[in-house]
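Trainee: Numbering (UniProt numbering), first residue to last: 1 to 686. For each residue, glycine too, the CB sits at the ideal point set by N, CA and C.
#1: With DSSP run on the structure shown, which of helix, strand or coil describes residue 439?
#2: Give me, in chain order, the residues of the same chain whose beta-carbon lies closer than 6 angstroms to that of residue 589; leave out the 5 immediate sequence neighbours on both sides.
#3: Is it buried or exposed for residue 62, if we count other Cβ within 10 angstroms and need 16 for buried?
#4: Evaluate the contact criterion for the segment 141–150 versus the segment 121–130: three or more CB pairs, one atom per stretch, below 8 angstroms.
#5: Does the separation of the CB atoms of residue 1 and residue 84 fall below 9 angstroms?
#6: I need the boundaries of the alpha helix (DSSP H) containing residue 185, first residue and last residue.
#7: Taking the Cβ atom as the reference point for each residue, do residue 347 and residue 418 lie within a distance shorter than 9 angstroms?
#8: So, helix, strand or coil for residue 146, using DSSP?
#9: What is the residue span of the alpha helix (DSSP H) that residue 87 lies within?
#10: Using beta-carbon positions only, say whether residue 587 and residue 561 come within less than 9 angstroms of one another.
#11: Hey, does residue 416 have any beta-carbon neighbour from chain D nearer than 9 angstroms?
#12: Rank 167, 555, 45, 110 by C-alpha distance to the C-alpha of residue 131 and give the top, closest one.
#13: Below 8 angstroms CB to CB, which residues in the same chain sit around residue 530 once its five sequence neighbours on both sides are set aside?
#14: Can you name the start and end residues of the alpha helix (DSSP H) that residue 321 belongs to?
#15: How many Å lie between residue 311 and residue 388 at the Cα?
#16: What residue range is occupied by the uninterrupted beta strand (DSSP E) comprising residue 591?
#17: Hey, quick one: how far does the alpha helix (DSSP H) through residue 135 stretch, first residue to last?
#18: Considering residue 157, what are the terminal residues of the beta strand (DSSP E) in which it resides?
#19: What three-state label does DSSP hand residue 312 in the structure shown?
#20: Check for me: the alpha helix (DSSP H) holding residue 108 runs from which residue to which?
#21: If you reduce the DSSP assignment to three classes, tell me which class residue 296 lands in.
#22: Would residue 495 be called buried (16 or more neighbouring beta carbons within 10 Å of its own) or exposed?
#23: Among 581, 606, 415, whose alpha-carbon lies nearest the alpha-carbon of residue 594?
#24: Between residue 358 and residue 373, what straight-line distance do the alpha-carbon atoms span, to the nearest angstrom?
#25: Is residue 194 closer than 9 angstroms to residue 57 when the C-beta atoms are compared?
#26: Below 8 angstroms on the Cβ atoms is my guess for residue 335 versus residue 326; work out the distance and round it to an integer in Å.
#27: Which full runs of the beta strand (DSSP E) of 3+ residues lie inside the segment 546–598, going along the chain?
#28: According to DSSP, is residue 372 part of a helix, a strand, or is it coil?
#29: From residue 459 to residue 449, what distance separates their C-alpha atoms?
#30: Verify whether the separation of the beta carbon atoms of residue 617 and residue 281 is less than 9 angstroms.
#31: Which same chain residues end up closer than 6 angstroms to residue 606 when comparing Cβ atoms and leaving out the 5 residues on each side of it in sequence?
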């Protein structure tokens, strides 16, 4: 029942002793009957005023019919609330002192960590997945397990299994926050604290005794027999549903029966459809790495850290290719030595646990090329006295280059993890974040200022047009009027003389007046033509100025985006595909890396064609692939530029290597050629 001034509004009883042939008036959506037409109009005007509120949703500023339709729609939504979640929701609602928004948030957060009997999920077993339904929650020493029934296409249980929580995925959250709040309001008698209706308390076995300190806050509403007075009116409202629903709502009701899927959904649940576009085959990423594929993740993490924070570490930048070759090198390169020296020096300057440890060994504070291996051994002793024992012995023997690639990257990863907590690194990260915020704030201010100036310019142009149009029309009319007066005004003609002399003077005067009029018109035309030319010149200048300003704005916006991108410290993932493979783009390297769901397999794309094929292979009906596709399309230009830049650089290197001998003269060929790899030529200039 719609509310008027926050109170239920009672409908009129039908008149008594109505005769079959009596003329009456009936309100369509309340079925109230009136004998008096004036009373009928008065009641209709009341229902048409926007003073009504929906009892369930609490929406206000509605007519009576709008509030009634809102109630019916809310009731239909409440019927769709999943039965298996009702007990859990009411259990957390009973005697809660939270506000409705906080209560809904608390229930949702708990549900994210809880799986309930009767809930339908997506289960994984033996590299297969399918829909299943939780039948029972099993407890044990190993943790919580779930007995699930596998569902067929007809929603029938075919067989049962016992799965862990990690093998169960909730396809989609079962209800929205708004629906949850509606159900809580409709299932309770009062708030502060929330008190659930007695019949629901008995149905779900909820506690009837409030916690200590809340007894006095429980009102007499709890003594109401079963269903609340609000609930009792639902059946009466439902009988009016057919008359109230319009043709549009009827069609919507028929369509809802078809249970149409609203995309995007969980990627693994997406099935092929006739309406789907033709997706290209997913390109196979290249695995042309020098080091083992399983170690690529640590390689990228360490390189990204050293590249992003090189200035803070006083370490000159180097390419990922050189870093990979240096790690795989069986000797000790300057690049690897400088990387270790930079990280160890940072830990020494931090004067923390590592600094105290080397002070006990009476080491010098400055780390140089000849002593960095000793400091590295000290770090490994401090990190773990048993795990790196063999590595320490080999390093002390001068056999660092003989360590396995996995061990080298693990040592560097440990150094990076220690370096992240250093004060110098944290300060640099804070500076970059603050710089990024300032840049974004400045960009927003400039955009708002530009929008304000455009609106102001548009308003001024409109005012000028409104002012000039009446003035020009008035001047033109006045000129015509003056011309007529000059031509027809006889006062300037001397008519004192008579005869032919008088008539000749009149003719001369009229001719002179006509000539003056023509001369005036010519002057006006010339003046008008000059004004038009001046207007065209001004418009042309304005367009050129606007084009220059637009180009300048675009350039400034591009500079802002470049600076914002430079202020990013960590490289974030582009997204995931349907198989949970993660995609990474490192702008300093110019490749898109693909990480498998188990983090052990890596590959990469290095060409624009592979990028285009990847984008066209993503299905936007899936949640993950839709997000990945949008991110790739948003950064498409920058990614293509980086890919093409890398491709040109690789081609240039190959051409130089193949044609170096042919290009040299005989005199130059006598000079020994420097064939040292680039990673061995690295020099730290910082």
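Mentor: If we stick to the structure as given:
#1: Locating residue 439 in the chain shown gives position 439, where the first residue counts as 1. The three-state secondary structure of residue 439, taken from DSSP, is helix.
#2: Locating residue 589 in the chain shown gives position 589, counting from the first residue. Cβ within range, chain order: 320.
#3: Here the question's residue 62 lines up with position 62 in the chain shown. With a 10 Å radius around the Cβ and a threshold of 16 neighbouring Cβ atoms, residue 62 comes out buried.
#4: Yes: the two stretches touch, three or more of their Cβ pairs being nearer than 8 angstroms.
#5: Here residue 1 refers to the residue found at position 1 when the chain shown is read from its first residue. Here residue 84 refers to the residue found at position 84 when the chain shown is read from its first residue. No, Cβ-Cβ distance for residue 1 and residue 84 is not below 9 angstroms.
#6: On the chain shown, position 185 is the one that residue 185 refers to. Its alpha helix (DSSP H) spans residues 177–186.
#7: Start at 1 with the first residue of the chain shown, and residue 347 comes out as number 347. Start at 1 with the first residue of the chain shown, and residue 418 comes out as number 418. Their beta carbons are under 9 angstroms apart, which means residue 347 touches residue 418 by this criterion.
#8: Translated into positions along the chain shown, residue 146 becomes position 146. Strand.
#9: Taking the chain shown and counting its residues from 1, the one referred to as residue 87 is at position 87. Here the alpha helix (DSSP H) through residue 87 covers 83–93.
#10: Along the chain shown, read from residue 1 onward, the residue named residue 587 stands at position 587. Along the chain shown, read from residue 1 onward, the residue named residue 561 stands at position 561. Going by C-beta atoms, residue 587 is not nearer than 9 angstroms to residue 561.
#11: The displayed structure is made up of one protein chain only, and chain D is not part of it.
#12: Counted from its first residue, the chain shown places residue 131 at position 131. Residue 131 has its Cα closest to that of 167, out of 167, 555, 45, 110.
#13: Translated into positions along the chain shown, residue 530 becomes position 530. Residues of the same chain with a CB within less than 8 angstroms of the CB of residue 530, apart from the 5 flanking positions on each side, do not exist.
#14: The residue you call residue 321 lines up with position 321 of the chain shown. Note, residue 321: alpha helix (DSSP H), 320–328.
#15: Mapped onto the chain shown, residue 311 falls at position 311. Mapped onto the chain shown, residue 388 falls at position 388. Distance between the alpha carbons of residue 311 and residue 388 is about 30 angstroms.
#16: What you label residue 591 is simply residue 591 of the chain shown in a count that begins at 1. Counted as a single uninterrupted DSSP element, the beta strand (DSSP E) harbouring residue 591 occupies residues 591–595.
#17: For the purposes of this step, residue 135 is taken as residue 135 along the chain shown, with counting starting at 1. It is not in any alpha helix (DSSP H) - residue 135 instead sits in the beta strand (DSSP E) that spans 128–138.
#18: Residue numbering aside, residue 157 sits at position 157 when the chain shown is read from its first letter. It spans 157–164 - the beta strand (DSSP E) in which residue 157 sits, taken as one unbroken run.
#19: Residue 312 sits at position 312 when you count from the first residue of the chain shown. Note: residue 312 maps to helix in three-state DSSP.
#20: Within the chain shown, residue 108 is the residue found at index 108, counting from 1. From DSSP, the alpha helix (DSSP H) with residue 108 extends over 100–112.
#21: Position 296 of the chain shown, counting from 1, holds the residue named residue 296. If DSSP states are grouped into helix, strand and coil, residue 296 belongs with the helices.
#22: By 1-based counting over the chain shown, the position of residue 495 is 495. Bear in mind that the predicted position of residue 495 carries a pLDDT of just 44, short of 50, making it unreliable; the figure below should be weighed with that in mind. Exposed, since its Cβ has fewer than 16 Cβ neighbours within 10 Å.
#23: The residue you call residue 594 lines up with position 594 of the chain shown. Among 581, 606, 415, the Cα nearest to that of residue 594 belongs to 581.
#24: Along the chain shown, read from residue 1 onward, the residue named residue 358 stands at position 358. Along the chain shown, read from residue 1 onward, the residue named residue 373 stands at position 373. Answer to the nearest angstrom: the Cα atoms are 13 angstroms apart.
#25: For the purposes of this step, residue 57 is taken as the residue at position 57 of the chain shown. For the purposes of this step, residue 194 is taken as the residue at position 194 of the chain shown. No. Outside cutoff.
#26: Here residue 335 refers to the residue found at position 335 when the chain shown is read from its first residue. Here residue 326 refers to the residue found at position 326 when the chain shown is read from its first residue. Right, the Cβ-Cβ distance comes to about 4 angstroms (below 8 angstroms), so this counts as a contact.
#27: Within the segment 546–598, the complete beta strand (DSSP E) runs of at least 3 residues are 582–586, 591–595.
#28: As a position in the chain shown, residue 372 is number 372, starting the count at 1. The answer is helix: DSSP assigns residue 372 an H, G or I state.
#29: To locate residue 459, count along the chain shown from 1; it is residue 459. To locate residue 449, count along the chain shown from 1; it is residue 449. Residue 459 and residue 449: Cα-Cα distance of roughly 15 angstroms.
#30: Counting from 1 along the chain shown, the entry for residue 617 is found at position 617. Counting from 1 along the chain shown, the entry for residue 281 is found at position 281. In this structure, residue 617 sits near residue 281, with a CB-CB distance shorter than 9 angstroms.
#31: Sequence index remark: in the chain shown, residue 606 carries index 606 (1-based). 591.
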